[in-house]
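In the numbering used here, the protein residues as written are 291 to 567.
Comments concern the structure below.
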């Protein structure tokens, strides 16, 4: 099963200071919560060549199973996973909320029966992330809830989804504003590095860490991690091969291209907001 990444940028303009993205694209003056939800569609979509078709089919199948087995814990979190995927195809906020709310409800039902379900906490956090996209300033409260759910998932099964709990916690702390939310460079680095340690063959974890180093202008660390990734790629292609991973590889290669280009530029001071330690 291909992995999920909830990669997002959360920013608030506070006075004259603003968070800048890793590669320099500016943020809006108001709260901007832009999620780049990298969804890896199942191999069954290969026949159509359209990832959306596979995502919709996976949702339908998971929904049918969950309706037949509403107390089956695996059916519940697999349905929540499918809701997260389908919500990414939403064309408006109402659709996104309607789909994600189904995943949230499934996870809450699951957790009411089994509070120690790592997938239940994990996909609750992921679907909360979908809702957060629609909330403006209200997203700040949801970020705290996401932090709690990913932390619970991490405590229960830190290896789930290729170290997904640490990966998403790292991104939360990296991209959330420090002054009005949970942003923290120290905590971001801790969790992003831990994701690499737990799932060292998964390229996404390394790329998130490199992009963090670039954002923080830690160029030596970024170069070292990039070297590690480039040595890792042949083995990763063997481990994560086939149609199910084509979309991931397209994303990873494009991000690597941007990273290399950025690191080839002359070093310069990159301003950053005050971070909580």
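Here a beta-carbon is modelled for each residue, glycine too, at the ideal position from N, C-alpha and C.
Quick caveat, the model's predicted, so the values are computed rather than measured.
For residue i, count neighbouring C-beta atoms within 10 Å of its own C-beta (all shown protein chains included) and say buried if the count is 16 or more, exposed if not.
{"i": "residue 501", "result": "buried"}
{"i": "residue 427", "result": "exposed"}
{"i": "residue 486", "result": "buried"}
{"i": "residue 540", "result": "exposed"}
{"i": "residue 326", "result": "Because residue 326 carries a pLDDT of 35, less than 50, the predicted location of this residue cannot be relied on, and the following value inherits that uncertainty. Under this definition residue 326 is an exposed residue."}
{"i": "residue 554", "result": "exposed"}
{"i": "residue 454", "result": "buried"}
{"i": "residue 469", "result": "exposed"}
{"i": "residue 529", "result": "exposed"}
{"i": "residue 538", "result": "buried"}
{"i": "residue 532", "result": "exposed"}
{"i": "residue 543", "result": "exposed"}
{"i": "residue 404", "result": "exposed"}
{"i": "residue 557", "result": "exposed"}
{"i": "residue 494", "result": "buried"}
Can you name the start and end residues of the alpha helix (DSSP H) that residue i belongs to?
{"i": "residue 469", "result": "That residue, residue 469, is in no alpha helix (DSSP H); it is neither H nor E in DSSP."}
{"i": "residue 463", "result": "450-465"}
{"i": "residue 489", "result": "From DSSP, residue 489 is part of no alpha helix (DSSP H); its letter is neither H nor E."}
{"i": "residue 524", "result": "509-529"}
{"i": "residue 434", "result": "429-446"}
{"i": "residue 375", "result": "363-377"}
{"i": "residue 407", "result": "Careful: residue 407 lies outside any alpha helix (DSSP H) and carries neither H nor E."}
{"i": "residue 552", "result": "536-554"}
{"i": "residue 474", "result": "Segment: none, residue 474 is in no alpha helix (DSSP H) and carries neither H nor E."}
{"i": "residue 557", "result": "Segment: none, residue 557 is in no alpha helix (DSSP H) and carries neither H nor E."}
{"i": "residue 383", "result": "383-403"}
Tell me which same chain residues have a C-beta within less than 6 Å of the C-beta of residue i, skipping the five on either side of it?
{"i": "residue 396", "result": "366, 369 and 370"}
{"i": "residue 519", "result": "496"}
{"i": "residue 464", "result": "478 and 502"}
{"i": "residue 329", "result": "Unreliable placement is indicated for residue 329, whose pLDDT of 31 sits below 50; no coordinate value is reported for it."}
{"i": "residue 342", "result": "379"}
{"i": "residue 418", "result": "432, 435 and 436"}
Rounded to whole angstroms, how far is the Cβ of residue i from the Cβ of residue j, which I believe are closer than 8 Å?
{"i": "residue 408", "j": "residue 450", "result": "5 Å"}
{"i": "residue 352", "j": "residue 384", "result": "Incorrect: roughly 22 Å between the Cβ atoms, too far for contact."}
{"i": "residue 345", "j": "residue 387", "result": "No, residue 345 and residue 387 are not in contact; Cβ-Cβ is about 18 Å, not under 8 Å."}
{"i": "residue 348", "j": "residue 375", "result": "7 Å"}
{"i": "residue 466", "j": "residue 433", "result": "6 Å"}
{"i": "residue 410", "j": "residue 401", "result": "5 Å"}
{"i": "residue 598", "j": "residue 415", "result": "The question about residue 598 has no answer here: the residues shown for the chain are numbered 291 through 567."}
{"i": "residue 406", "j": "residue 446", "result": "6 Å"}
Short of 8 Å in beta carbon distance, which residues of its chain neighbour residue i, apart from the five on each side in sequence? Order them along the chain.
{"i": "residue 362", "result": "355 and 356"}
{"i": "residue 550", "result": "516"}
{"i": "residue 338", "result": "Caution is warranted here: a pLDDT of 39 is assigned to residue 338, below 50, making its placement in the model unreliable, and the coordinate value is therefore given only provisionally. Result list for residue 338: 344, in chain order."}
{"i": "residue 545", "result": "497 and 501"}
{"i": "residue 525", "result": "491"}
{"i": "residue 359", "result": "365"}
{"i": "residue 306", "result": "Confidence in residue 306 is poor, its pLDDT being 26 and thus under 50, which makes the residue's placement unreliable; the coordinate value appears in the next sentence. Nothing meets the Cβ criterion."}
Can you name, in chain order, every residue of its own chain whose Cβ lies under 7 Å from the Cβ of residue i, other than the five neighbours on each side?
{"i": "residue 515", "result": "496, 499, 500 and 503"}
{"i": "residue 460", "result": "478, 481, 482, 485 and 498"}
{"i": "residue 380", "result": "386 and 389"}
{"i": "residue 512", "result": "500, 503, 504 and 553"}
{"i": "residue 509", "result": "553 and 557"}
Hey, would you say the C-beta of residue i is under 7 Å away from at least one heavy atom of the ligand FAD?
{"i": "residue 514", "result": "What this structure holds is no ligand at all, so the ligand FAD is not there to describe."}
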